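Following: one structure in C-alpha cells, then a few remarks.
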Amino acid sequence: MLAAMKIAFAGGLAFAGIAMPASAEDDPPTFKVHFSNGVVSPSVLEVPANTRFKLELYNDGPTAIEFESTPLRKEKVLAPGASSFLIFRSLDEGDYAFFDDFHADMPPARITAR
40 MLAAMKIAFA
50 GGLAFAGIAM
60 PASAEDDPPT
70 FKVHFSNGVV
80 SPSVLEVPAN
90 TRFKLELYND
100 GPTAIEFEST
110 PLRKEKVLAP
120 GASSFLIFRS
130 LDEGDYAFFD
140 DFHADMPPAR
150 ITAR
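Here it is, written out as C-alpha cells:
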C-alpha cells in the first residue's frame, strides 16, 4: 500500500509539473525571418548577445528552402508555405552568416548579436 501511495504521489507531481504554464518571463525574445525565392527578409537581424532567443522561420515562396549557417551549426529545411523555429541558447557578440542553401546564388543574410 505504501509503495502504491509513493507512485501515486510521484505521478501527481509529474502531472502538476506538466500542467503548470510557463511564465511570460521564461519565453525567449522571438525574431522572424521570411524566405521567398531566395530572398531573405530581413537580410540583417539584430539579436541580443548572450541571451537565449527563438528564431521563427517562414517559407513564403513556392519552392522548398533550407536555412543554413555554418558558424551557427544550424540548418532546417522548410517546404513551401511551411514555418518552423530554432532556439539559440546564446550568441557571443558578432556577425553570423546564414543563407538559403537551396538558393545558393543569392547573397547571404546575417544575424548580428550585440
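Under this note's numbering, the first residue of the sequence shown carries the number 40, and numbering increases by one thereafter.
Note that CB positions come from ideal geometry on N, CA and C, so glycine has one too.
Small disclaimer: the values here were computed from a predicted structure and weren't measured.
Buried versus exposed call for residue i [16 or more other C-beta atoms within 10 Å across all chains shown]
i, result
"Ser-108", "buried"
"Val-83", "exposed"
"Arg-153", "exposed"
"Asp-140", "exposed"
"Gly-100", "buried"
"Arg-149", "buried"
Residue(s) in a DSSP beta bridge with residue i
i, result
"Leu-117", "Ile-104"
Residue i versus the options, residue with shortest Cα-Cα distance
i, options, result
"His-142", "Leu-125, Asn-98 and Phe-70", "Asn-98"
"Ala-178", "Arg-91, Arg-128, Thr-151 and Asp-144", "Given a span of 40 to 153 for the chain in the structure shown, any question on residue 178 remains unanswerable."
"Pro-110", "Gly-133, His-73, Ala-121 and Leu-117", "Gly-133"
"Pro-147", "Thr-69, Pro-68 and Val-78", "Val-78"
"Asp-144", "Lys-71, Leu-125, Phe-70 and Asn-76", "Asn-76"
"Glu-105", "His-73, Thr-90 and Thr-69", "His-73"
Residue range of the beta strand (DSSP E) that includes residue i
i, result
"Gly-133", "133–139"
"Leu-96", "92–98"
"Ala-148", "148–152"
"Thr-69", "69–75"
Alpha-carbon spacing of residue i relative to residue j, whole angstroms
i, j, result
"Gly-56", "Asp-66", "Because Gly-56 sits at a pLDDT of 49, beneath the cut-off of 50, its placement in the model cannot be relied upon, and the following sentence gives the value as read from the coordinates. Those two C-alpha atoms are separated by around 17 Å."
"Ala-103", "Pro-81", "18 Å"
"Lys-1", "Arg-128", "Because the chain here runs from 40 to 153, residue 1 falls outside it and cannot be looked at."
"Leu-94", "Leu-130", "13 Å"
Residue i beta carbon near the ligand NAP (any heavy atom closer than 6 Å)
i, result
"Lys-93", "Ligands displayed in this structure: none; no statement on the ligand NAP is therefore possible."
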